[in-house]
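Engineer:
Protein chains in written order, with the working numbering: chain A, 673 to 950; chain B, 1111 to 1383.
1. Name the chain A residues that come within less than 8 Å of residue 1376 (chain B), Cβ to Cβ?
2. Would a C-beta distance cut-off of 8 Å place residue 1230 (chain B) and residue 1260 (chain B) closer than the cut-off?
3. I want to verify the contact list: residues of chain B whose CB lies under 8 Å from the CB of residue 962 (chain A), in sequence order.
4. What residue from B:1355, B:1381, B:1367, B:1338 has the CA that sits closest to residue 785 (chain A)'s CA?
5. With distance defined between alpha-carbon atoms, name the residue in A:723, A:940, A:727 nearest to residue 743 (chain A).
6. Can you give the Cα-Cα distance for residue 1172 (chain B) and residue 1296 (chain B), rounded to whole angstroms?
7. Kindly indicate which three-state DSSP category residue 736 (chain A) falls into: helix, strand or coil?
8. Secondary structure at residue 955 (chain A), three-state DSSP: helix, strand or coil?
9. Taking 8 Å as the CB-CB cut-off, is residue 917 (chain A) touching chain B?
10. Put residue 1325 (chain B) into one of helix, strand or coil per three-state DSSP.
11. Can you tell me which residues form a DSSP beta bridge with residue 852 (chain A)?
12. For residue 1234 (chain B), which residues in the same chain have their Cβ closer than 8 Å to its Cβ, ignoring the five residues on either side in sequence?
13. For the structure I just gave you, are there three or more beta carbon pairs, one from the region 893-904 of chain A and one from the region 834-849 of chain A, closer than 8 Å?
14. Measure the C-alpha to C-alpha separation of residue 713 (chain A) and residue 738 (chain A) and round it to an integer number of angstroms.
15. Beta-carbon of residue 800 (chain A) versus every beta-carbon of chain B: anything under 8 Å?
16. Would you report the Cα separation of residue 1318 (chain B) and residue 1340 (chain B), rounded to the nearest angstrom?
17. With hydrogens ignored, establish whether the beta-carbon of residue 1377 (chain B) is closer than 7 Å to any heavy atom of the ligand MG.
18. At a Cβ threshold of 8 Å, is residue 749 (chain A) touching chain B?
19. Distance cutoff 8 Å, beta carbons only. Does residue 931 (chain A) sit that close to anything in chain B?
20. Taking a contact to mean a Cβ-Cβ separation below 8 Å, would you say residue 741 (chain A) touches residue 781 (chain A) in this structure?
21. Quick check: the Cα distance between residue 1356 (chain B) and residue 929 (chain A), rounded to an integer number of angstroms?
22. For residue 927 (chain A), name the three-state secondary structure that DSSP assigns.
23. At a CB distance below 7 Å, what residues from the region 693-710 of chain A approach chain B? Give them in sequence order.
24. Taking DSSP as the reference, what is the three-state secondary structure of residue 866 (chain A)?
25. Starting from the beta carbon of residue 1354 (chain B), find every residue of chain A whose beta carbon is closer than 9 Å, and list them in chain order.
26. May I ask you to report which of helix, strand or coil DSSP gives residue 1204 (chain B)?
27. With a CB to CB cut of under 7 Å and the five nearest residues on each side skipped, what residues in its chain are close to residue 1342 (chain B)?
28. For residue 763 (chain A) versus residue 773 (chain A), is the C-beta spacing smaller than 8 Å?
29. Would residue 847 (chain A) be called buried (16 or more neighbouring beta carbons within 10 Å of its own) or exposed?
30. With a CB to CB cut of under 6 Å and the five nearest residues on each side skipped, what residues in its chain are close to residue 864 (chain A)?
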């Protein structure tokens, strides 16, 4: 018996001394009342990679994720060169500093879970990002946790952050009655960073809202601009999101979101990581 | 000469053997029993016990909210495998009763019936906002201390179906005198739409508006957006209901003061024995 124990201990020591692929199980659970999660960006990385940092301005890659839910070229060609694919390198590859994967589809609210297998390629840290829709630029983030090495199941609670790259006007992005100031671009859906991106909502969105953090027809300083124009401002750097305001009207009021449904209190997500036995 | 004498002496014996072919005689009756022996001396005393075989835990809740009273809490000590609720699944009727009316007794009944049950108690009173509640005491066999869980639920009574507490938190292997504390978020039972009206909220905010009480508590109908336990989005309240923003819910009897943020409760568990 003693001999067998020693032998297996030696085998263990040998296996852990060799760099080998480590596939972990990741479960993400949406704890919100009525916010969907966009496709999840999962990154295993070394200390040189920091997908987001509270108090630090967002990268263009984070802006694409937090405003449009876009991670790579395949999702939106217009994001090419600015998205996380450009920042990190090809997906599912050992990019020396990192390896990453986009897990597609929406995770619905009210505690729906999705589970993935992810090969960390023995990178020491893990980050996970997903946009909350409908919001302007809110995302749930797991900020560079050290990947445990002891087999077991580990649980992390995620807060909602504001990327700070867009004012929280809370306007329905499908509206055609308002345009972005200066460019004259229609809001045009959530695929365009810069303007209200609300995207697929589990409950009906309103129209006719006059804006929350910034009003339609007014500049940030309160001076009048075109009556159908909305300012595309920023409110960075990255910080804990102050929650959406919403309103109770589907046709007017300040917001096109619903105050009774779309709000949240932290945490907004639970991540469970299972490290398999060697 | 000697030899002859011996032969003669054997003769009667042979005669007996020959007559043995007849019927056996009856045995005689048994003799009377002997007298009882003397009692043995007493054994030596056993060693002293170690304060019985129960571990004692106290549980104390601090209400961290500004103005949401917490109902009497259902507190359950149990082995792994029992849950009052699982977020992402529909609430049990017992949880629905607690989350809508603030009555913990159905959860206690359910807990006592479970195989993982060790002890359960309803705390003796509600916990006022911004205050530390009374101490509840629970007993657990020493053998179970090495793998022990605590579950606790208490309603935010000025809401439709919000509750806070602990979901099978691990308190294994606490030593005597040790305390652990947890900061608890707030869940939405998902069993009642968050209408915030006087007729659906049992607490004092609804009473002040002419509703509240038992009739505004438990309603078996499930009419929330999702009939699933999830984290609570907070109270909307009637603030800003009538201005241009229309942010508030004009049917709400709650005011801006009835809002809260997480965490809503601090729960301190101490092993006292």
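Where is the CB? At the ideal position from N, CA and C, for every residue including glycine.
Structural biologist: Quick answer:
1. Under the 8 Å cutoff, chain A gives no residues; its nearest Cβ is about 16 Å from residue 1376 (chain B).
2. Residue 1230 (chain B) places its beta carbon 8 Å or farther from that of residue 1260 (chain B).
3. Since the first and last residues shown for chain A are 673 and 950, residue 962 (chain A) lies out of range.
4. B:1338
5. Checking every option, the nearest Cα to that of residue 743 (chain A) belongs to A:723.
6. 14 Å
7. helix
8. The first residue shown for chain A is 673 and the last is 950, placing residue 955 (chain A) beyond what the model contains.
9. yes
10. helix
11. Looking at the DSSP output, residue 852 (chain A) sits in a beta bridge with A:902.
12. 1182, 1244, 1246
13. Pairwise C-beta distances place the region 893-904 of chain A in contact with the region 834-849 of chain A, as three or more of them are shorter than 8 Å.
14. Rounded to the nearest angstrom, the two C-alpha atoms are 11 Å apart.
15. no
16. About 29 Å.
17. By its list of ligands, the structure shown contains no ligand whatsoever, and the ligand MG lies outside what it can speak to.
18. no
19. yes
20. no
21. 11 Å
22. coil
23. 701, 703, 704, 705, 706
24. With a pLDDT of 42 at residue 866 (chain A), under the threshold of 50, the modelled position of this residue cannot be trusted; read the value that follows with caution. Residue state, collapsed to three classes: coil.
25. 882, 924, 925, 926
26. helix
27. 1272, 1296, 1297, 1298
28. yes
29. buried
30. Its pLDDT being 49, under 50, residue 864 (chain A) is placed unreliably by the model, and nothing is read from it.
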